[in-house]
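2 protein chains.
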Amino acid sequence: MPGSEIYGGISGIYDFGPYGVALKNNLKKLWWRTFVESRDDIVGIESAILMNRQVWQASGHEKDFIDELVECKKCHIRYRVDDLGKSEVRSPKSETNSNDQISKCPSGGEHEFTEPKQFNPMFKTHVGVVEDEKSLTYLRPETAQGMFTDFKQVLEVSRQKVPFGIAQIGKNFRNEINTKDFLYRIREFEIAEIEYFVPSPSARAKFSAGSLGQAKSDEEWFDYWLNEWQEFILSLGINKENLSHHDHPKKDLAHYSKRTVDILYNFPFGKKELAGVANRTDFDLRSHEKASGKDLKYFDELSKEKYWPYVIEPTLGIERLMLAIICDAFEETKPRTQTTEAATEKEIILHLNPKLAPVKVAVLPLVKKLSAKAREIYQDLKTCWGEIEYDESGSIGRRYRRQDEIGTPYCITIDFDTLDDNKVTVRDRDTMKQERVEIKELKNYLFGKLS
Amino acid sequence: MPGSEIYGGISGIYDFGPYGVALKNNLKKLWWRTFVESRDDIVGIESAILMNRQVWQASGHEKDFIDELVECKKCHIRYRVDDLGKSEVRSPKSETNSNDQISKCPSGGEHEFTEPKQFNPMFKTHVGVVEDEKSLTYLRPETAQGMFTDFKQVLEVSRQKVPFGIAQIGKNFRNEINTKDFLYRIREFEIAEIEYFVPSPSARAKFSAGSLGQAKSDEEWFDYWLNEWQEFILSLGINKENLSHHDHPKKDLAHYSKRTVDILYNFPFGKKELAGVANRTDFDLRSHEKASGKDLKYFDELSKEKYWPYVIEPTLGIERLMLAIICDAFEETKPRTQTTEAATEKEIILHLNPKLAPVKVAVLPLVKKLSAKAREIYQDLKTCWGEIEYDESGSIGRRYRRQDEIGTPYCITIDFDTLDDNKVTVRDRDTMKQERVEIKELKNYLFGKLS
Numbered sequence: 000m001p002g003s004e005i006y007g008g009i010s011g012i013y014d015f016g017p018y019g020v021a022l023k024n025n026l027k028k029l030w031w032r033t034f035v036e037s038r039d040d041i042v043g044i045e046s047a048i049l050m051n052r053q054v055w056q057a058s059g060h061e062k063d064f065i066d067e068l069v070e071c072k073k074c075h076i077r078y079r080v081d082d083l084g085k086s087e088v089r090s091p092k093s094e095t096n097s098n099d100q101i102s103k104c105p106s107g108g109e110h111e112f113t114e115p116k117q118f119n120p121m122f123k124t125h126v127g128v129v130e131d132e133k134s135l136t137y138l139r140p141e142t143a144q145g146m147f148t149d150f151k152q153v154l155e156v157s158r159q160k161v162p163f164g165i166a167q168i169g170k171n172f173r174n175e176i177n178t179k180d181f182l183y184r185i186r187e188f189e190i191a192e193i194e195y196f197v198p199s200p201s202a203r204a205k206f207s208a209g210s211l212g213q214a215k216s217d218e219e220w221f222d223y224w225l226n227e228w229q230e231f232i233l234s235l236g237i238n239k240e241n242l243s244h245h246d247h248p249k250k251d252l253a254h255y256s257k258r259t260v261d262i263l264y265n266f267p268f269g270k271k272e273l274a275g276v277a278n279r280t281d282f283d284l285r286s287h288e289k290a291s292g293k294d295l296k297y298f299d300e301l302s303k304e305k306y307w308p309y310v311i312e313p314t315l316g317i318e319r320l321m322l323a324i325i326c327d328a329f330e331e332t333k334p335r336t337q338t339t340e341a342a343t344e345k346e347i348i349l350h351l352n353p354k355l356a357p358v359k360v361a362v363l364p365l366v367k368k369l370s371a372k373a374r375e376i377y378q379d380l381k382t383c384w385g386e387i388e389y390d391e392s393g394s395i396g397r398r399y400r401r402q403d404e405i406g407t408p409y410c411i412t413i414d415f416d417t418l419d420d421n422k423v424t425v426r427d428r429d430t431m432k433q434e435r436v437e438i439k440e441l442k443n444y445l446f447g448k449l450s
Numbered sequence: 000m001p002g003s004e005i006y007g008g009i010s011g012i013y014d015f016g017p018y019g020v021a022l023k024n025n026l027k028k029l030w031w032r033t034f035v036e037s038r039d040d041i042v043g044i045e046s047a048i049l050m051n052r053q054v055w056q057a058s059g060h061e062k063d064f065i066d067e068l069v070e071c072k073k074c075h076i077r078y079r080v081d082d083l084g085k086s087e088v089r090s091p092k093s094e095t096n097s098n099d100q101i102s103k104c105p106s107g108g109e110h111e112f113t114e115p116k117q118f119n120p121m122f123k124t125h126v127g128v129v130e131d132e133k134s135l136t137y138l139r140p141e142t143a144q145g146m147f148t149d150f151k152q153v154l155e156v157s158r159q160k161v162p163f164g165i166a167q168i169g170k171n172f173r174n175e176i177n178t179k180d181f182l183y184r185i186r187e188f189e190i191a192e193i194e195y196f197v198p199s200p201s202a203r204a205k206f207s208a209g210s211l212g213q214a215k216s217d218e219e220w221f222d223y224w225l226n227e228w229q230e231f232i233l234s235l236g237i238n239k240e241n242l243s244h245h246d247h248p249k250k251d252l253a254h255y256s257k258r259t260v261d262i263l264y265n266f267p268f269g270k271k272e273l274a275g276v277a278n279r280t281d282f283d284l285r286s287h288e289k290a291s292g293k294d295l296k297y298f299d300e301l302s303k304e305k306y307w308p309y310v311i312e313p314t315l316g317i318e319r320l321m322l323a324i325i326c327d328a329f330e331e332t333k334p335r336t337q338t339t340e341a342a343t344e345k346e347i348i349l350h351l352n353p354k355l356a357p358v359k360v361a362v363l364p365l366v367k368k369l370s371a372k373a374r375e376i377y378q379d380l381k382t383c384w385g386e387i388e389y390d391e392s393g394s395i396g397r398r399y400r401r402q403d404e405i406g407t408p409y410c411i412t413i414d415f416d417t418l419d420d421n422k423v424t425v426r427d428r429d430t431m432k433q434e435r436v437e438i439k440e441l442k443n444y445l446f447g448k449l450s
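Below is the structure:
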């Protein structure tokens with residue numbers, strides 16, 4: 000929902016309600032489990048949103064992270080030049096913007112644009128009591144820099160060896176000129192990304208006689224991560240045919256990048272960047288070593304050589320992925336049963352992956368008279384999963400549809416037979432198949448379905 | 000570790016390394032599980048860090064969230080007046096500051112302070128292209144306001160009835176004049192809190208004939224939450240004797256508060272606020288209704304009356320709690336075994352609650368020759384828990400001590416007997432008791448210990 004909505008909102012800023020935050024947390028947990036906890040070669044960190052300004056000077060963001068904007072002289076609406084279909088490249092991180100429609104000028108006719116002006120979309124703030132150049136810094140526009148500035152400390156405590164990765168999920172801020180497309184282009188958003196450190200081409204060539212020579216090249220690691228990234232997105236239940244790739248042409252690459260591939264999702268508003276993989280080379284470690292004077296090289300124990308590793312960066316936007324998940328899971332159908340009481344024209348079903356669903360199971364007594372038994376079952380399940388909902392208000396058909404809309408994979412109905420045979424009906428959201436299951440078998444049954 | 004450390008850091012800002020972020024995530028997950036997922040009467044949200052400036056005008060923060068600061072004319076160090084032992088109350092959220100020692104002036108003798116100046120510790124920023132009064136807003140200094148501005152939307156989608164709560168964990172920012180005591184007073188920090196809405200005293204009096212009359216009063220809910228909060232902190236393994244309460248005297252209460260109790264922890268640097276409970280009355284909903292013109296009253300279906308609920312707010316600082324957990328779990332002892340190879344003077348043991356420990360189990364082959372078997376066991380456990388570490392470098396004593404220091408509750412040693420009898424040794428961090436366990440029983444054994 001729009002942030003600060005009672006005050007008319009704040010453009011490009013969203014809050015998440017109970018189901019939204021559950022979906023978001025489930026997605027983040029799954030990502031962390033997949034890429035940090037389940038792997039030996041990746042460790043997690045959490046770096047701060049506020050960083051020393053010198054970070055953004057060394058990374059190139061202060062000077063080169065520029066949007067060009069024009070303003071219509073008649074209506075005073077501002078546009079990003081990128082959005083006008085001209086092929087200005089946004090740097091350092093370019094985004095695939097193609098054929099966005101620019102609305103007509105509200106004051107009639109075509110817009111009359113000013114000359115483009117440069118605008119840095121980093122939010123400024125001052126740390127300390129005095130507001131001056133010395134205290135100026137920015138809200139981070141990407142999480143990546145934390146993995147570079149902390150590279151040596153993390154290496155030391157984690158005792159990792161190249162190839163290895165540092166992962167992070169965290170908030171980022173970009174003062175977008177035009178926010179749009181709901182959660183697609185917003186000003187406060189979370190990124191989940193990995194900086195994966197691999198032997199640089201020169202280190203690999205030098206050590207080719209030894210074990211490092213057997214290691215994958217940076218190009219091979221790039222392909223590996225592009226595949227891992229796509230597989231993760233597919234594992235969430237997203238339809239493969241809605242994904243495509245955009246391999247950035249050499250001339251459009253950011254100054255630090257050797258190769259960048261976007262994974263695009265076929266949103267209702269067009270094929271747009273959902274995630275991406277970049278080969279950042281050794282640009283960041285090299286730049287930070289130069290600017291900070293601190294040694295950021297990796298010491299290879301086999302060859303006793305020091306070098307800056309190359310970095311493969313798979314990255315994805317959490318809110319964009321949530322939006323893709325919802326678009327992909329969304330189905331509008333004619334009523335699926337004859338028994339629905341009201342003259343509903345359509346039903347909505349959200350075919351969410353059970354791992355992501357904000358509610359795993361809804362417990363529904365057929366009538367209120369059965370609520371004692373239903374509550375008992377509900378409490379028992381809730382100690383196991385947490386994400387269980389109890390609902391006794393409205394007709395059973397209406398309650399099913401409510402759960403279908405929020406993507407609950409299983410509904411459990413307690414009816415009068417339950418009191419006799421100790422069985423409940425489990426209804427599958429997608430197939431609407433109903434199965435009678437013994438109460439004492441229910442947890443095992445659901446455990447099998449949900450994991 | 001200090002944020003942006005390679006650039007000399009940024010005062011009061013910390014990053015978390017692999018073990019730190021694991022501890023933090025475990026703590027947040029446990030809190031969310033306890034207060035959101037396990038309860039019927041509380042729902043979670045995530046509201047944004049950037050909010051419309053009018054939120055901070057209505058809440059009183061823009062005008063009244065003031066620190067007084069003085070500067071020494073000789074050394075130019077700035078101090079918060081609160082820290083000088085004068086009893087200025089910080090408003091709206093006061094903090095228990097008592098007898099902090101003010102250092103001598105580095106230029107010799109006593110400090111010579113200027114007159115106190117007012118300083119608002121909210122970080123400013125501008126949203127949009129033009130930097131002016133109209134685009135000004137702040138990084139939120141507390142999460143609470145999101146629960147008030149979203150009150151009606153959450154009420155609608157969650158179909159909750161008073162009494163109920165809205166919970167959130169999120170980042171907050173305060174531009175502290177003096178940051179200090181490691182993670183204790185920092186500029187970027189997470190808060191976990193609940194706004195728990197209860198019948199107002201007048202609503203309760205009016206409905207006393209009906210069911211609401213049977214309900215707890217706001218004072219009783221206050222006591223309930225103070226107890227729940229303390230129980231949660233104790234459930235983390237914190238020593239009860241290190242906790243105490245500070246009941247704010249009436250004259251020191253923030254303008255919105257009917258009662259505030261801090262839960263203090265006995266830190267190495269003094270007894271300091273760790274968490275707290277406040278009775279915020281109906282101040283916030285009333286203020287936001289007045290400022291926004293939107294109806295923020297609760298409609299009671301039984302009595303058909305509308306009213307502003309009172310709010311009980313239990314709140315805790317995630318980083319402060321992490322610091323308390325670490326202080327509480329920390330033990331420095333003489334070497335616990337005769338067999339340690341080096342002449343170590345002392346050992347460190349972090350007696351972390353297994354639920355919080357960044358590493359649940361470490362798998363250690365006695366010698367490298369046994370690594371194939373050890374790796375197999377490690378991989379099997381890792382699919383179950385994720386937080387499993389494998390270590391084969393250094394003597395077994397040294398590896399035990401490494402795990403003791405990071406608070407790993409169980410170490411599993413694979414020795415030559417393992418190859419014959421299919422048993423491993425499980426060592427308990429705290430008792431150092433060793434038990435032989437069959438490999439096929441290992442998961443069940445650990446599951447019992449860890450949950």
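If you read the sequences in order, they're chains W and A. Heads up, the final residue of the first sequence is numbered 450 in numbering that gives the first Met the number 0, and it's a clean run with no missing numbers. Heads up, the final residue of the second sequence is numbered 450 in numbering that gives the first Met the number 0, and it's a clean run with no missing numbers. Just so you know, even glycine gets a beta-carbon here, dropped at the ideal spot from N, CA and C. Just so we're clear, the structure is a prediction, and the values are computed from it rather than from any experiment.
TODO: Take W/Thr453 and list the residues in its own chain whose beta-carbon comes closer than 8 Å to its own, dropping the five residues that flank it on each side.
DONE: In this structure chain W extends from 0 to 450, so residue 453 of chain W is not present and cannot be described.
TODO: Enumerate in chain order the residues of its own chain whose CB-to-CB distance from W/Ser97 is below 6 Å, with the five nearest sequence positions on each side excluded.
DONE: Taking the first residue of the first sequence as position 1, residue 97 of chain W is located at position 98. Annotation note: pLDDT 40 at W/Ser97 (below 50); position unreliable, no value reported.
Open item on the list: Given a cut-off of 9 Å on the beta-carbon distance, is the pair A/Glu67 and A/Pro120 in contact?
Closed with: As a working note, residue 67 of chain A is residue 68 in the second sequence. As a working note, residue 120 of chain A is residue 121 in the second sequence. No. Outside cutoff.
Task: Inside the region 363-442 of chain W only - alpha helix (DSSP H) runs reaching at least 4 residues - done: The qualifying runs are 370-384, 395-405 and 415-420.
Open item on the list: Please return the same chain residues whose Cβ sits closer than 6 Å to the Cβ of A/Pro357, not counting the five positions on each side in sequence.
Closed with: Residue numbering aside, residue 357 of chain A sits at position 358 when the second sequence is read from its first letter. If we look at A/Pro357 and ignore the five residues flanking it on each side, its Cβ neighbours are Tyr18, Ala21 and Leu22.
TODO: With DSSP collapsed to three states, give me the class of A/Cys326.
DONE: Position 327 of the second sequence, counted from the start, is the residue given in the question as residue 326 of chain A. Correct three-state label for A/Cys326: helix.
Open item on the list: Taking 6 Å as the limit between beta carbons, can you name the residues of its chain near A/Phe298, skipping five residues before and five after?
Closed with: As a first step, residue 298 of chain A is located in the second sequence; it is residue number 299 there, counting from the start. Non-local C-beta neighbours of A/Phe298 in its own chain, meaning closer than 6 Å and more than five positions away in sequence, comprise Lys305, ordered along the chain.
Open item on the list: To test your reading of the DSSP string, which unbroken alpha helix (DSSP H) runs of 4 or more residues are found completely within the region 267-305 of chain A?
Closed with: Complete alpha helix (DSSP H) runs here, min 4: 282-291.
- [ ] For the alpha helix (DSSP H) containing A/His244, list its first residue and its last residue.
- [x] As a working mapping, residue 244 of chain A is identified with position 245 in the second sequence. A/His244 -> not in any alpha helix (DSSP H); beta strand (DSSP E) instead, spanning Leu242 to Asp246.
Task: Cβ neighbours of A/Glu437 in the same chain (closer than 7 Å, five flanking residues each side left out) - done: Counted from its first residue, the second sequence places residue 437 of chain A at position 438. Around A/Glu437: Asn421 and Lys422.
Open item on the list: Tell me the DSSP secondary structure of A/Asn171 in three-state form.
Closed with: Reading the second sequence from its first residue, position 172 is the one you call residue 171 of chain A. The DSSP-derived three-state label of A/Asn171 is strand.
Task: For A/Tyr444, three-class secondary structure by DSSP - done: If you number the second sequence from 1, residue 444 of chain A lands on position 445. The DSSP-derived three-state label of A/Tyr444 is helix.
TODO: Using a Cβ-Cβ cut-off of 9 Å, state whether W/Asp419 counts as contacting chain A.
DONE: Here residue 419 of chain W corresponds to residue number 420 of the first sequence, with the count starting at 1. The beta carbon of W/Asp419 sits no closer than 9 Å to any beta carbon of chain A.
Open item on the list: Is A/Tyr255 close to the ligand ADP? I mean its beta-carbon at under 8 Å from any heavy atom of the ligand.
Closed with: This structure simply doesn't include the ligand ADP, nor any ligand for that matter.
Open item on the list: Could you check whether W/Gly316 and W/Leu351 sit closer than 9 Å to each other, using their CB atoms as the reference points?
Closed with: What you label residue 351 of chain W is simply residue 352 of the first sequence in a count that begins at 1. What you label residue 316 of chain W is simply residue 317 of the first sequence in a count that begins at 1. Not a contact, by the Cβ cut-off of 9 Å.
Open item on the list: Against chain W, does A/Asn241 count as a neighbour if the rule is that its beta carbon must be under 9 Å from one of theirs?
Closed with: Mapped onto the second sequence, residue 241 of chain A falls at position 242. Under the 9 Å criterion on CB atoms, A/Asn241 is classed as non-interfacial with respect to chain W.
Open item on the list: Just to confirm the assignment, what range does the beta strand (DSSP E) spanning W/Ile232 have?
Closed with: Within the first sequence, residue 232 of chain W is the residue found at index 233, counting from 1. Segment Asp217 to Ser234 is the alpha helix (DSSP H) holding W/Ile232; no beta strand (DSSP E) there.
- [ ] Give a yes or no on whether the minimum CB-CB distance between W/Ser3 and chain A is below 9 Å.
- [x] Position 4 of the first sequence, counting from 1, holds the residue named residue 3 of chain W. At least one chain A Cβ lies under 9 Å of W/Ser3.
- [ ] Please report how far the alpha carbon of A/Trp30 lies from the alpha carbon of A/Glu227, in whole angstroms.
- [x] Along the second sequence, read from residue 1 onward, the residue named residue 30 of chain A stands at position 31. Along the second sequence, read from residue 1 onward, the residue named residue 227 of chain A stands at position 228. Straight through space, the alpha carbons of A/Glu227 and A/Trp30 are spaced by roughly 12 Å.
Open item on the list: Determine whether the beta carbon atoms of A/Glu36 and W/Gly16 lie at a separation below 9 Å.
Closed with: For the purposes of this step, residue 36 of chain A is taken as residue 37 along the second sequence, with counting starting at 1. For the purposes of this step, residue 16 of chain W is taken as residue 17 along the first sequence, with counting starting at 1. If you check the CB distance, A/Glu36 and W/Gly16 do not come in under 9 Å.
Open item on the list: Taking only three categories from DSSP, how would you classify W/His125?
Closed with: Against the first sequence, residue 125 of chain W aligns to sequence position 126. Per DSSP, reduced to three states, the secondary structure at W/His125 is strand.
Open item on the list: Report the start-end ranges of each alpha helix (DSSP H) in the region 135-207 of chain A that is 4 residues or longer and not cut off at the edges.
Closed with: Secondary structure remark: continuous alpha helix (DSSP H) runs of at least 4 residues inside the region 135-207 of chain A, in chain order: 143-148, 150-157 and 200-205.
Task: Span separating the alpha-carbon of W/Ile452 from that of W/Val161 - done: Summary: the structure shown does not reach residue 452 of chain W, with chain W confined to residues 0 through 450, and so no result is reported for it.
- [ ] Pick helix, strand or coil for W/Val35, following the three-state DSSP scheme.
- [x] Within the first sequence, the letter at position 36 stands for residue 35 of chain W. Helix.
Open item on the list: Is there a C-beta anywhere in chain C that falls below 9 Å from the one on W/Asn25?
Closed with: You won't find chain C in this structure, because its protein chains are W and A.
TODO: Please state whether DSSP places W/Thr95 in a helix, a strand or coil.
DONE: Working through the first sequence from its first residue, we reach residue 95 of chain W at position 96. The predicted model places W/Thr95 with a pLDDT of 40, which falls under 50 and marks its position as unreliable; any figure quoted below should be read in that light. In the structure shown, the three-state DSSP call for W/Thr95 is coil.
Open item on the list: If you measure between the beta carbons of A/Thr113 and A/Cys71, is that distance less than 9 Å?
Closed with: Counting from one through the second sequence, the residue named residue 113 of chain A turns up at place 114. Counting from one through the second sequence, the residue named residue 71 of chain A turns up at place 72. Taking 9 Å as the Cβ cut-off, A/Thr113 and A/Cys71 qualify as a contacting pair.
- [ ] Consider the Cβ of A/Ser37: report whether some Cβ of chain W lies at a distance smaller than 9 Å.
- [x] Numbered from 1 along the second sequence, position 38 holds the residue referred to as residue 37 of chain A. Interface residue, yes.
TODO: Apply the 10 Å Cβ neighbour rule to W/Val366 and answer buried if 16 or more other Cβ atoms are within range, or exposed otherwise.
DONE: Here residue 366 of chain W refers to the residue found at position 367 when the first sequence is read from its first residue. Residue burial annotation: W/Val366 is exposed, with fewer than 16 other C-beta atoms found within 10 angstroms of its C-beta.
Task: Which of helix, strand or coil DSSP assigns to W/Tyr454 - done: No information on residue 454 of chain W is available, as it lies outside the stretch 0 to 450 that chain W covers here.
Open item on the list: If you measure between the beta carbons of A/Ser307 and A/Glu288, is that distance less than 9 Å?
Closed with: Start at 1 with the first residue of the second sequence, and residue 307 of chain A comes out as number 308. Start at 1 with the first residue of the second sequence, and residue 288 of chain A comes out as number 289. Correcting the residue identity first, residue 307 of chain A is Trp in this sequence and not Ser. In this structure, A/Glu288 lies closer than 9 Å to A/Trp307 by Cβ.
Task: Residue environment, W/Arg428, which counts as buried when at least 16 other CB atoms sit within 10 Å - done: Residue 428 of chain W sits at position 429 when you count from the first residue of the first sequence. Burial state of W/Arg428 is buried, judged by a 10 Å Cβ sphere holding 16 or more other Cβ atoms.
Task: Through-space distance from W/Glu130 to W/Tyr78, alpha-carbon basis - done: Here residue 78 of chain W refers to the residue found at position 79 when the first sequence is read from its first residue. Here residue 130 of chain W refers to the residue found at position 131 when the first sequence is read from its first residue. The C-alpha of W/Glu130 is placed about 30 Å away from the C-alpha of W/Tyr78.
TODO: Locate the alpha helix (DSSP H) running through A/Val358, then write down its first and last residues.
DONE: The residue given as residue 358 of chain A occupies position 359 in the second sequence. Segment: none, A/Val358 is in no alpha helix (DSSP H) and carries neither H nor E.
TODO: With distances taken Cα to Cα, identify the nearest neighbour of W/Tyr409 among W/Arg398, W/Phe163, W/Ser234 and W/Phe150.
DONE: For the purposes of this step, residue 409 of chain W is taken as the residue at position 410 of the first sequence. The shortest CA-to-CA distance from W/Tyr409 to any of W/Arg398, W/Phe163, W/Ser234 and W/Phe150 is the one to W/Arg398.
TODO: Tell whether a beta-carbon distance below 9 Å holds between W/Leu225 and W/Ile262.
DONE: Taking the first residue of the first sequence as 1, we reach residue 225 of chain W at position 226. Taking the first residue of the first sequence as 1, we reach residue 262 of chain W at position 263. A contact, by the Cβ cut-off of 9 Å.
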